[in-house]
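Taken in order, the sequence shown gives residues 3 to 442; the numbers are from my numbering. Report on the following structure.
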Amino acid sequence: MARRVHLIGICGSGMSSLALWYRYRGYEVSGCDRSPGENLAELLDAGIAVSDRHDPTHIENSDRVVFSAAIPFDHPEIISARDRGIPVLRRSEALAELANDSHLLAVAGAHGKTTTTAMTGWILQETGHDPTVMVGGAVSAWGGNYRPGSRLTVVEADEYDRAFLRLRPVSAAVTSFAIEHLECYGTPEALSVAFGVFLEMTRPGGTAIVPFINRDLAKWAGRIERNVITTGPEGSVFCRLQEADKWQQKYMIDGIDGYLPLPGNHNLRNAETAIALASTAGVETADSVRALESFPGVSRRLERIGTLGSAVVLSDYAHHPDEIEAALQGVSQLTDGKTVVVFQPHLYSRTAIQYEAAGMALSRADHVLVLPIYPAREKPIPGVTSRLVVDASAGAGGNCRLCKPADVRKLLLEMEAEVIVFMGAGSIDPLARGLVEDAE
Numbered sequence: 003m004a005r006r007v008h009l010i011g012i013c014g015s016g017m018s019s020l021a022l023w024y025r026y027r028g029y030e031v032s033g034c035d036r037s038p039g040e041n042l043a044e045l046l047d048a049g050i051a052v053s054d055r056h057d058p059t060h061i062e063n064s065d066r067v068v069f070s071a072a073i074p075f076d077h078p079e080i081i082s083a084r085d086r087g088i089p090v091l092r093r094s095e096a097l098a099e100l101a102n103d104s105h106l107l108a109v110a111g112a113h114g115k116t117t118t119t120a121m122t123g124w125i126l127q128e129t130g131h132d133p134t135v136m137v138g139g140a141v142s143a144w145g146g147n148y149r150p151g152s153r154l155t156v157v158e159a160d161e162y163d164r165a166f167l168r169l170r171p172v173s174a175a176v177t178s179f180a181i182e183h184l185e186c187y188g189t190p191e192a193l194s195v196a197f198g199v200f201l202e203m204t205r206p207g208g209t210a211i212v213p214f215i216n217r218d219l220a221k222w223a224g225r226i227e228r229n230v231i232t233t234g235p236e237g238s239v240f241c242r243l244q245e246a247d248k249w250q251q252k253y254m255i256d257g258i259d260g261y262l263p264l265p266g267n268h269n270l271r272n273a274e275t276a277i278a279l280a281s282t283a284g285v286e287t288a289d290s291v292r293a294l295e296s297f298p299g300v301s302r303r304l305e306r307i308g309t310l311g312s313a314v315v316l317s318d319y320a321h322h323p324d325e326i327e328a329a330l331q332g333v334s335q336l337t338d339g340k341t342v343v344v345f346q347p348h349l350y351s352r353t354a355i356q357y358e359a360a361g362m363a364l365s366r367a368d369h370v371l372v373l374p375i376y377p378a379r380e381k382p383i384p385g386v387t388s389r390l391v392v393d394a395s396a397g398a399g400g401n402c403r404l405c406k407p408a409d410v411r412k413l414l415l416e417m418e419a420e421v422i423v424f425m426g427a428g429s430i431d432p433l434a435r436g437l438v439e440d441a442e
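Laid out in structure tokens, this is it:
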């Protein structure tokens, strides 16, 4: 087995956790990333060498090179590795190589998979199972997005670029289904089929967990020869809300009272999926409920990051209309006062498809400031701008306006909100944290 691995784009959430897994498995690990970001410190603390530039000499003496989905095939380090005969793996291939050699629990889904993965890992940790966990967001108690542990492994399974189809889990959970990543799949039907194949990849004797309400997922689950657990109001595992009080929700499941230290109906759905998944590893429902009472949450999921003026400032990863709606429902549980959202649309292609639904979802907030589109890997599409979201929100009765990043602070202070939520999957989180730090 290879003992030295180099990762291109190492500081992304998926790549950094993979690098740490390699490191804790005894590999010598190096990597490069032009945008090091918040995961850099955790990598350096683990003894991983990270460069902020790309150079073909980085791969010298490597036994393999791993690259993220954001890295092009003509990257100089990839070309150099292939010229030298060094195996080059996609991140999904490297993850599958490690994960499929474990007792694997995998969590997929359009929304909620990061929180559900972290919840499942937390339950297993608190019940003495010492899991290895790879999650798409940082968990404060773990110091980041990776927890080293035993062969019992929980991973977040990403549907982008069909990555999750390489996994062979003992138990597979799907939190939700929504039309996304059509640049990879082409049609909604092909995306639905991919989720069905993911469930079919569960090992013989394993378990598939799906929300009962979703017809596409229930249809696929009904076709496979595996144990099937359904979640939600009409499913076999259901967290029934009893009382919501700001950051805490009281619920009942199987006659057991529980307290979840997170707001929002969507987090109850995440909790019931995590409880179901943990049950396949032998954890009793009552023990899962007790474990979740101390769950610390995940970064950028209605994360409280500070204050601006008299307003509480939250940061959230929501960028899909369903996620925006869920986040705002959670915020409504926290306050009856004025809520202002600063929203950064994600990708031109997504905005072109989702602007109407996004505008509708944002209309629930009292005021919305919409930043320019975060392009990531994409080039502009003629006619697709943030104005589409603003107009759609206005058409739904929302109070929404365009805003430049430089004007955000001034406008927010003028609005005198009780809660400010920065939403998006791009560069909006550093903007939010910078404003909070400047206000301290």
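The beta-carbon is built from N, C-alpha and C at its ideal position, and this holds for glycine as well. Note that the structure is predicted; figures quoted are calculated from it, not measured.
Item: From the DSSP output, which residues share a beta bridge with F449?; Value: A question about residue 449 goes unanswered here, because the residues of the chain that appear run from 3 up to 442.
Item: Can you tell which of A112, T309, I277, S301 has its C-alpha closest to the C-alpha of E295?; Value: I277
Item: DSSP has L371 in a bridge; who is on the other side?; Value: V344, R403
Item: Looking only at its own chain, which residues have a Cβ that is under 6 angstroms from the Cβ of D132, when we skip the five neighbours before and after it?; Value: G151, S152
Item: Should R292 and A72 be called a contact, given that it needs their Cβ atoms to be closer than 9 angstroms?; Value: no
Item: S194: beta carbon under 8 angstroms from a heavy atom of the ligand GTP?; Value: Among the components modelled here there is no ligand, and therefore nothing to report on the ligand GTP.
Item: Taking DSSP's pairing of strands, which residues face C34 in a bridge?; Value: I10, S53
Item: Using a 10 Å radius around the Cβ and a threshold of 16 neighbouring Cβ atoms, would you call L169 buried or exposed?; Value: buried
Item: Could you check what DSSP says for D85 in three-state terms: helix, strand or coil?; Value: helix
Item: Do you know whose CA, among I61, G400, A394, A320, lies nearest L304's CA?; Value: A320
Item: Please report the straight-line C-alpha distance between A112 and V423, rounded to a whole angstrom.; Value: 21 angstroms
Item: Per DSSP, which one or two residues make a beta bridge with R164?; Value: Looking at the DSSP assignment, R164 forms no beta bridge with any residue, so it has no partner.
Item: Out of T116, A110, Y350, K381, point me to the one whose CA is closest to A174's CA.; Value: A110
Item: How would you write the range of the beta strand (DSSP E) that K252 sits in, first residue to last?; Value: 250-255
Item: Can you find at least 3 beta carbon pairs, one from the segment 393-404 and one from the segment 352-365, that sit closer than 8 angstroms?; Value: yes
Item: For P377 and F345, what's the separation of their Cα atoms in angstroms?; Value: 14 angstroms
Item: Let me confirm a value: L193 is counted as buried when at least 16 other C-beta atoms fall within 10 Å, else exposed. Which label applies?; Value: buried
Item: What separation, rounded to the nearest whole angstrom, lies between the Cα atoms of G426 and S301?; Value: 13 angstroms
Item: What does the alpha-carbon distance come out to for the pair L433 and D409?; Value: 11 angstroms
Item: Would you call the segment 260-267 in contact with the segment 216-235, where contact means no fewer than 3 C-beta pairs closer than 8 angstroms?; Value: no
Item: Could you please give me the residues that DSSP links to G308 through a beta bridge?; Value: V315
Item: Flag this pair as yes or no: are the beta carbons of L154 and T134 separated by less than 9 angstroms?; Value: yes
Item: List the endpoints of the continuous alpha helix (DSSP H) containing Y350.; Value: 350-364
Item: With a CB to CB cut of under 8 angstroms and the five nearest residues on each side skipped, what residues in its chain are close to D440?; Value: R411
Item: Rounded to whole angstroms, what's the CA-CA distance from G284 to D85? Just pull it up for me.; Value: 48 angstroms
Item: Going by DSSP, which residues form a beta bridge with Y376?; Value: H348
Item: Going along the chain, which residues of its own chain have a beta-carbon closer than 7 angstroms to the beta-carbon of E158, five neighbours each way excluded?; Value: V109, K115, T116, T119, M136, V137, G138
Item: Under a Cβ-count criterion, where at least 16 other Cβ atoms within 10 Å of its own Cβ denotes burial, should S18 be classed as buried or exposed?; Value: buried
Item: By DSSP, does N147 sit in helix, in strand, or in coil?; Value: strand
Item: Kindly give me the distance between the Cβ atoms of Q250 and L270, rounded to whole angstroms, as I take these residues to be in contact under 8 angstroms.; Value: That pair is no contact at about 12 angstroms.
Item: Using alpha carbons as the reference points, say which of P78, G332, L437 lies closest to L310.; Value: L437
Item: Please state whether the Cβ-Cβ distance between S334 and E418 is less than 9 angstroms.; Value: no
Item: Among residues of its own chain, excluding the 5 on either side of L219, which ones have a beta-carbon nearer than 6 angstroms to its beta-carbon?; Value: V176, F179, V212
Item: Distance, Cα to Cα, W222 vs M203?; Value: 12 angstroms
Item: Please list, in chain order, all residues of the same chain as G399 whose beta carbon is under 6 angstroms from its beta carbon, the five residues on each side excluded.; Value: S365
Item: So, under 8 angstroms CB-CB, F75 and R93 are touching, yes? Tell me the CB distance rounded to an integer number of Å.; Value: Incorrect: roughly 14 angstroms between the Cβ atoms, too far for contact.
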